[in-house]
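Here the structure comes first, spelled out in structure tokens, and everything after it is commentary.
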Amino acid sequence: MKESRTDTGERLAGRPCFAAMAATYFLGVFNDNFFKQAALLLAVTAGLSGLQGTATMLFSLPFILFSAHGGWLADRYPKRRVIIWVKILELIAMIIGAYGIMTLDWTWILSMVTLMGLQSTFFGPALNGTIPELYPTWYVTKANAFLKLVTTSAILLGMATAGIALDQRWLATEIPFGRLLVGTVVLFVAFSGVISSFWIKGVASTHKQIPFPWSGPLVSFKDSINLRHDPPLLLAVIGDSFFYFFSLLAVMVINTMGISELQMSATATSLLSVALMSGVCIGALTAARITTPDRWTQVLAPASFGMGLCLVVAGAVAGADCSFQWQLLLTSLAGAGICGGIFLIPLTTCIQVRPGGHEKGKVISASNFCSFSGMLVAGQVFTFFDRLCIPSSNMLFLGGFGMGVAVLFHAGVRRLNRNDVCMEGD
């Protein structure tokens with residue numbers, strides 16, 4: 001697509017603000033994943049793998065209860081102001097979390113996880129709603145791909161360095177040095193995120209009369225149901241919810257599979273999740289080249305099938321006593337990540353671009369409500385199956401589930417395309 005002078009100017013003018021936004025997002029995502037991976041590894045090492053499911057449910061609950069309020073804030077007030085206050089909330093959460101990690105007090109750790117869920121509930125609509133304000137519609141897919149690359153890099157770095165940090169023994173301290181290092185890092189990064197948020201460009205809100213969603217989750221549920229009037233948007237939200245349900249289960253199974261079943265170190269186990277997210281980076285860039293905001297549904301079924309197939313391979317490799325087991329696991333998980341990135345990016349773009357300007361925050365919050373409802377269920381599903389089966393078997397089941405869901409996406413896309421043809425005929 002050929003860009004106009006106006007579009008080019010709009011894109012160039014948005015670069016400094018986008019850099020600040022990407023940096024703020026990077027620091028927050030790094031901190032979230034660094035802390036969460038460290039806590040999960042400590043839990044699994046202590047024989048408390050079930051806490052992974054509990055932590056997931058506590059992190060997801062604020063999204064379900066307060067998604068409507070997060071969307072209201074993003075639509076009602078300047079998004080820059082919302083982002084700054086939310087980053088301050090993140091700093092408070094990290095103070096609580098650092099204390100919990102250093103003392104290995106799970107009450108404080110889980111309290112921090114809940115508070116970070118609340119912080120993310122308000123942060124997501126404000127930040128994601130800013131992207132269409134900075135860029136012309138045709139460029140949003142590319143901006144999303146770049147932002148996904150930045151944030152996925154943060155996830156990779158957070159997951160990889162969490163295990164490495166816990167394994168460090170630089171000094172002989174009363175509290176294990178690795179835990180002290182984790183606490184110090186999260187505090188420094190949270191403070192840096194507050195500073196970077198002040199560089200984000202402010203855009204005045206033009207929707208001052210939006211009523212406050214007193215009904216909370218009922219409003220989010222109603223907004224989610226109303227998506228049925230826009231089938232492509234509904235498909236995007238369903239796909240987004242499936243992705244986060246599926247990927248979260250995969251990460252939790254990887255942690256228990258690495259430490260409990262395969263007896264790997266915290267570092268080696270973290271690198272398995274890093275392989276998964278590295279693939280997402282590659283898939284995100286691929287999606288930016290092969291999809292557009294108007295043409296994206298064709299990738300859903302193949303990408304879902306690919307995710308499932310690669311996880312089946314990972315489960316089979318983990319359950320077999322074979323040479324180069326760790327390398328084969330890295331390869332299969334990276335393949336699952338590539339398919340995941342191709343699957344996710346067009347969904348994110350559709351959710352951002354398709355709603356009207358005054359409804360972007362509301363739709364994004366409804367999408368968050370659905371996605372984190374799926375994550376809440378994922379925590380319960382993991383806790384249930386973790387008691388019944390070994391992790392490699394759970395990975396096989398998860399992969400088969402992904403391949404089965406691909407059939408449903410294929411049917412949904414065919415129906416959507418058939419309806420479009422009928423409307424054109426009318």
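Residue numbers for the sequence shown follow the UniProt record's numbering, so the first one is 1 and each next one is one higher.
Note that beta-carbon positions come from the ideal geometry of N, C-alpha and C, so glycine has one too.
Fair warning: this is a prediction, and the values are worked out from it, not measured in the lab.
Going by DSSP, His69 is part of the alpha helix (DSSP H) stretching over 50-76. Where Met257 is concerned, there is no enclosing alpha helix (DSSP H), because DSSP gives it neither an H nor an E. Between the C-alpha atoms of Glu261 and Ile101 there is a straight-line separation of about 25 Å. In this structure, the CA atom of Val86 is about 6 Å from the CA atom of Gln119. The alpha-carbon separation between Cys322 and Val312 amounts to approximately 16 Å.
Rounded to the nearest whole angstrom, the C-alpha separation of Ile338 and Glu174 is 43 Å. Annotation: the continuous alpha helix (DSSP H) that includes Gly340 extends over 325-353. Under DSSP, Arg81 takes part in no beta bridge, so it has no partner. Proximity to Asp294 across Leu42, Pro346, Pro217 peaks at Pro346, based on C-alpha coordinates.
Taking the C-beta atoms as reference points, Leu233 is found nearer than 8 Å to Arg354.
Remark: fewer than three beta-carbon pairs, one from each stretch, lie closer than 8 Å, so the segment 327-341 and the segment 92-101 are not flagged as touching. When rounded, the separation of the alpha-carbon atoms in Gln325 and Trp214 is 53 Å. Per the Cβ contact rule, the segment 191-199 is in contact with the segment 19-28 (3 or more Cβ pairs under 8 Å). The C-alpha of Leu333 is placed about 6 Å away from the C-alpha of Ala275. Ser365 sits close to Gly70, with the two beta carbons spaced by under 8 Å.
Exposure of Asp105 is indicated by the presence of fewer than 16 other C-beta atoms within 10 angstroms of its C-beta. Here DSSP, grouped into helix, strand and coil, assigns Thr286 to helix.
CA-to-CA, the gap between Ser241 and Leu376 works out to about 11 Å. Boundaries for Arg169: no alpha helix (DSSP H) harbours it, and the DSSP string shows neither H nor E there.
If you keep only unbroken alpha helix (DSSP H) runs of at least 4 residues inside the segment 91-135, you get 106-134.
By the Cβ neighbour-count rule, Arg169 is exposed, with fewer than 16 other Cβ atoms within 10 Å of its own.
Look at the beta carbons and you see the segment 388-396 touching the segment 243-257: at least three pairs across the two are nearer than 8 Å.
The segment 399-412 and the segment 298-315 touch, with no fewer than 3 CB-CB distances between them shorter than 8 Å. In this structure the segment 394-403 does not touch the segment 58-73; the number of beta carbon pairs closer than 8 Å is below three. Counting every other CB atom within 10 Å of its CB across the protein chains shown gives Gly379 a total of 16 or more, marking it as buried. Counting along the chain, Pro293 sits inside no alpha helix (DSSP H), nor does DSSP assign it H or E at all.
The three-state secondary structure of Pro176, taken from DSSP, is coil. For Gly158, the three-state secondary structure derived from DSSP is helix.
Collapsing the DSSP output to three states places Phe198 in coil. Counted as a single uninterrupted DSSP element, the alpha helix (DSSP H) harbouring Met307 occupies residues 300-319. Between Leu156 and Ala74, the alpha-carbon positions lie close to 28 Å from each other. Contact check for Val219 and Ser367: beta-carbon distance about 14 Å, past the 8 Å limit, so the pair fails to qualify. The beta carbons of Thr114 and Met21 sit no closer together than 8 Å. In the three-state reduction of the DSSP assignment, Cys370 falls in the helix class. Going by DSSP, Pro217 is part of the alpha helix (DSSP H) stretching over 217-226. Between Met307 and Phe246, the beta carbon gap of about 7 Å places them in contact (Cβ cut-off 8 Å).
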